[in-house]
Amino acid sequence: MERRRVVIPGGSGFLGTLLARWLGERDVDVVVLTRGPVRTGRPWQELHWDGETRGPWCETLEGADAVVNLAGRSVDCRYTERNRRQILDSRLQSTRVLGEAIAACARPPRVWLNSSTATIYKHSLDASRDDVDGLIGATPEAKDAFSVAVALAWEGVFEQARTPHIRKVALRTAMVLGREHGGVLRVLRRLTRLGLGGTMAGGAQFVSWIHEEDFCRAVDWLISNDALAGPVNVCAPHPVTNADLMRRMRARCGVRVGLPAPRWMLEVGAFFLRTETELVIKSRRVVPRRLLEAGFTFRFPDVDAALADLLGNVARPVLPVPAT
543 MERRRVVIPG GSGFLGTLLA RWLGERDVDV VVLTRGPVRT GRPWQELHWD
593 GETRGPWCET LEGADAVVNL AGRSVDCRYT ERNRRQILDS RLQSTRVLGE
643 AIAACARPPR VWLNSSTATI YKHSLDASRD DVDGLIGATP EAKDAFSVAV
693 ALAWEGVFEQ ARTPHIRKVA LRTAMVLGRE HGGVLRVLRR LTRLGLGGTM
743 AGGAQFVSWI HEEDFCRAVD WLISNDALAG PVNVCAPHPV TNADLMRRMR
793 ARCGVRVGLP APRWMLEVGA FFLRTETELV IKSRRVVPRR LLEAGFTFRF
843 PDVDAALADL LGNVARPVLP VPAT
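FYI, the numbering used here numbers position 284 of the sequence shown as 826, with every residue one higher than the one before it.
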């Protein structure tokens, strides 16, 4: 049987490395397209692209089983005018040029999976947001107008791409919990061990998440499952509140208490850390209705099991809580 081939534009970051390794371990030929330096000695091939113009990289799309576009500048920054433009352009331009390259293929890929985000859904402390009729939009309280506008424009360019002969899936991905460098779990673990793992902004906001293995399994499953197209929520079925997540983090890290961070403190901290509070204060109560209804099963549906697998029972002395 001929080996599958998957092309991952923007695959040199946190999610791309996870996915490339997962697929490679399952005898898939992986080609990563990167804006950065091409790295050698990896179990997969890397090629340079600029994410804006067609070039020799287009040849990798011919006859590929799938394209999984993960390209886009990190949103972990201050939303200055320059950063906003880079965040938007990096997503729209890469999606647009991929559409043009796929349309020009003599043998186009069977399926095109393109990144999106669970942030597209409206802030909610009560009702869940699914990928069938979940409410989409911004909420002033969550300070998410820019992020939602980016998500809508991103999916719009993806949907408008003139590739009528291939299946397209928009990956509305939640926070991925993983061991790899660059993931949020390392940040949460460090804060928790320093005694700063208390509730954030009151802790009532929901956090949608997915274990790194289930993220890779879901993407691989979506590549093979011809029945699903359009937006798909890539998240675990049981979102948790920020307070519950941090309580479980403290338990796993062997830390009894954590200093809570009210919203004003988060605003100050975000300024000095050059990031935005929206990443913490928005309530993302997102559930994977389409994945579940299509028969996908999660290995880690509950956050405690996910943290146990990723962190284990860490035997550490209880750190003192910093003075207030």
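Ideal placement from N, C-alpha and C gives every residue a C-beta, glycine not left out.
Asked: Rounded to a whole number of angstroms, what is the C-alpha to C-alpha distance between Ser554 and Asp844?; Found: 28 Å
Asked: Shortest alpha-carbon distance to Ala703 belongs to which of Thr839, Ala691 and Asn656?; Found: Asn656
Asked: Take Trp763 as the anchor and find which of Thr559, Thr783 and Trp564 has the nearest alpha-carbon.; Found: Trp564
Asked: So, for Leu849: in the same chain, excluding its five sequence neighbours on each side, which residues have a beta-carbon less than 8 Å away from its beta-carbon?; Found: Leu719, Arg790, Met791 and Arg794
Asked: Could you pull out every residue in the same chain whose Cβ sits closer than 8 Å to the Cβ of Leu694, ignoring the five residues on either side in sequence?; Found: Ile662 and Ile678
Asked: Which whole-angstrom value describes the C-beta separation of Val770 and Arg832, a residue pair presumed to lie in contact below a C-beta threshold of 8 Å?; Found: Position check: residue 770 holds Leu in this sequence, whereas Val was assumed. Correct: roughly 6 Å between the Cβ atoms.
Asked: Going residue by residue through the region 672-747, where are the continuous alpha helix (DSSP H) segments of at least 4 residues, counting only ones entirely within it?; Found: 687-702 and 726-735
Asked: Per DSSP, what kind of secondary structure is Ala562 in: helix, strand or coil?; Found: helix
Asked: Measure the CB-CB distance between Phe556 and Gly724 and report whether it falls below 8 Å.; Found: yes
Asked: How should Ser825 be labelled, buried or exposed, when 16 other C-beta atoms within 10 angstroms of its C-beta is the threshold for buried?; Found: buried
Asked: Checking the sheet assignment: what are the DSSP bridge partners for Glu544?; Found: According to DSSP, Glu544 bridges with nothing at all.
Asked: Extract the residue ranges of the beta strand (DSSP E) inside the region 591-645, only unbroken runs of 3 or more that lie entirely within it.; Found: 608-611
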